[in-house]
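Novice:
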Amino acid sequence: MFNGMLPRMDRKSTLGYLAVFGSAFCFYMSTVVIKWSAMAGLHIRTSMFTLARFGFGFLVVCIIISLGRYKIRVVKKRFLVGRALLNTLAVFCFFKGVAQTSVAQANILNMTFPLFIALFSWILFKSQRDLGTVMIVLVAFAGVFMILMPADTHFPIGALWGLASGFIAAFAIIILNMARQDHDTLTILFFMFGLGGIVVFCLFFHEMQLPNSHEMVYLFWCSAIAIAGQFLLTQGFKYVSAIEGGIIASTRIFLAAILGPFLVMDPALSFAGWVGAFLIFAGNVLLTVKKVRKFTGRTSNPS
1050 MFNGMLPRMD
1060 RKSTLGYLAV
1070 FGSAFCFYMS
1080 TVVIKWSAMA
1090 GLHIRTSMFT
1100 LARFGFGFLV
1110 VCIIISLGRY
1120 KIRVVKKRFL
1130 VGRALLNTLA
1140 VFCFFKGVAQ
1150 TSVAQANILN
1160 MTFPLFIALF
1170 SWILFKSQRD
1180 LGTVMIVLVA
1190 FAGVFMILMP
1200 ADTHFPIGAL
1210 WGLASGFIAA
1220 FAIIILNMAR
1230 QDHDTLTILF
1240 FMFGLGGIVV
1250 FCLFFHEMQL
1260 PNSHEMVYLF
1270 WCSAIAIAGQ
1280 FLLTQGFKYV
1290 SAIEGGIIAS
1300 TRIFLAAILG
1310 PFLVMDPALS
1320 FAGWVGAFLI
1330 FAGNVLLTVK
1340 KVRKFTGRTS
1350 NPS
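Just so you know, we're using this note's numbering here: the sequence shown kicks off at 1050 and counts up by one.
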């Protein structure tokens, strides 16, 4: 009955918004599954969750490659390997943060990666150095401090895993941008999941064990939900702008803060924690807007 009432592009944009938001929800829920496993009395190691995610992702990518008869083309192997290693380390740190702190805190600190990207770009590239970016990053890092320092001023050492995941993810994304110049998405994912799984298995071989049926359920759903989030994010960004996508993806900060007490009995954020979460979210949004406007200005006024 409503067919044709909305322009086709509007429908696609709506689907894009829903897909990007769905990806944020999936990434959050994959960490909720980790906490649920602990609440169920299971002792599944972080290395097992990490291996399951990369192993399941590799299987999915291999199926897609086989069905579509795609070819893996390697041009600059160092970028593919660098992306795989850094992403593996970032995911492990993220999952470790979930295990040692609250789901909300780990997710919020993981979402600091855009701030670190801006910081690294400011240090490495003179063209990226401007006062506005510095001020945004400083204010956002004040939010990080508010998240790390609760009302009792007791510094949560475990939270450093979440912050480390954001720090390392920033490097991983910088390398990803380099890899994308010469490689398609499936090639990058093939190396990322395949090499990542091998590295985790080798480094944590002494922790590897065959999971029982109960543990397998949590390992499967943590991995499947995260992979679904990855594909939703990829599809969603085809139909929304970088600014819109960046803002919607950053809503994982508020999803974690709001849903944590209900889903995994996370302690509710204090007032300072909410302010910190908002500052990180605002910093991500402003940096995205600033980056897109700068890129648009360059393309519309070539020198």
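For glycine and all other residues, C-beta sits at the position ideal for the given N, C-alpha and C.
In this text, all values refer to a predicted model and were calculated from it rather than measured experimentally.
Quick one: is F1242 buried, meaning 16 or more other Cβ sit within 10 Å of its Cβ, or exposed?
Specialist: buried
Novice: Assuming L1100 and F1250 are in contact, meaning their beta carbons sit under 8 Å apart, how far apart are those beta carbons, in whole angstroms?
Specialist: 6 Å
Novice: Taking only the alpha-carbon atoms, compute the straight-line gap between N1159 and I1093 and give it to the nearest angstrom.
Specialist: C-alpha separation (whole angstroms): 21 Å.
Novice: So which of M1088, G1146, F1070, L1067 has the shortest CA-CA distance to Y1267?
Specialist: M1088
Novice: With 16 as the cutoff for other CB atoms within 10 Å, does R1301 come out buried or exposed?
Specialist: buried
Novice: Can you look up L1259 in the DSSP assignment and give me helix, strand or coil?
Specialist: Coil at L1259, not helix or strand.
Novice: Within its chain, find whatever has a CB closer than 6 Å to the CB of M1050; leave out the 5 residues flanking it on each side and keep chain order.
Specialist: Residue confidence is low: M1050 scores 41 on pLDDT, short of 50, so the model does not pin down where it sits. Its coordinate-derived value is still stated next. Hits under 6 Å: none found.
Novice: V1147 by DSSP, collapsed to three states: which one?
Specialist: helix
Novice: Quick one: residues in its chain with C-beta nearer than 7 Å to the C-beta of V1081, no 5 flanking neighbours on either side, listed in chain order?
Specialist: V1152, L1312, V1313
Novice: Considering only residues of the same chain and omitting the five flanking positions on each side of I1113, which have a CB-CB separation below 7 Å?
Specialist: Around I1113, the same chain offers L1235 as residues with beta carbons nearer than 7 Å, after the five sequence neighbours per side are excluded.
Novice: Pairs of beta-carbons, one from the segment 1225-1234 and one from the segment 1204-1215, closer than 8 Å: are there three or more?
Specialist: Contact between the segment 1225-1234 and the segment 1204-1215 is absent: fewer than 3 CB-CB pairs across the two stretches fall below 8 Å.
Novice: Tell me whether G1332 sits in a helix, a strand or coil according to DSSP, three-state version.
Specialist: helix
Novice: Please state if the CB of A1221 and the CB of N1333 are separated by a distance shorter than 8 Å.
Specialist: no
Novice: So, are the CB atoms of C1111 and L1281 less than 8 Å apart?
Specialist: In this structure, the beta-carbon distance from C1111 to L1281 does not fall below 8 Å.
Novice: Helix, strand or coil, according to DSSP, for L1116 in the structure here?
Specialist: helix
Novice: Taking buried to mean at least 16 other C-beta atoms within 10 Å of its own C-beta, is A1073 buried or exposed?
Specialist: A1073 counts as buried, since at least 16 other C-beta atoms from the protein chains shown sit within 10 angstroms of its C-beta.
Novice: What residue from I1083, G1071, M1078, S1096 has the CA that sits closest to H1255's CA?
Specialist: S1096
Novice: Should S1062 and V1289 be called a contact, given that it needs their Cβ atoms to be closer than 8 Å?
Specialist: yes
Novice: With DSSP as the reference, label Y1288 as helix, strand or coil.
Specialist: coil
Novice: Looking only at its own chain, which residues have a Cβ that is under 7 Å from the Cβ of A1275, when we skip the five neighbours before and after it?
Specialist: C1075, F1076, S1079, R1102
Novice: Under DSSP, the alpha helix (DSSP H) around F1239 begins and ends at which residues?
Specialist: 1234-1252
Novice: Answer with buried or exposed for A1148, where buried requires no fewer than 16 other C-beta atoms within 10 angstroms of its C-beta.
Specialist: buried
Novice: Just checking, does the segment 1318-1336 make contact with the segment 1183-1192 on the three C-beta pairs under 8 Å criterion?
Specialist: yes
Novice: Sort K1287, F1174, F1169 by Cα distance to A1219 and report the nearest one.
Specialist: F1169
Novice: Going by other Cβ atoms of all chains shown within 10 Å of its Cβ, with 16 needed for buried, is R1342 buried or exposed?
Specialist: That one is exposed.
Novice: What's the C-alpha gap between G1309 and R1122?
Specialist: 42 Å
Novice: Cα-Cα, which of F1320, G1285, R1127 is closest to N1226?
Specialist: In this structure, R1127 is the residue among F1320, G1285, R1127 with its C-alpha nearest to the C-alpha of N1226.
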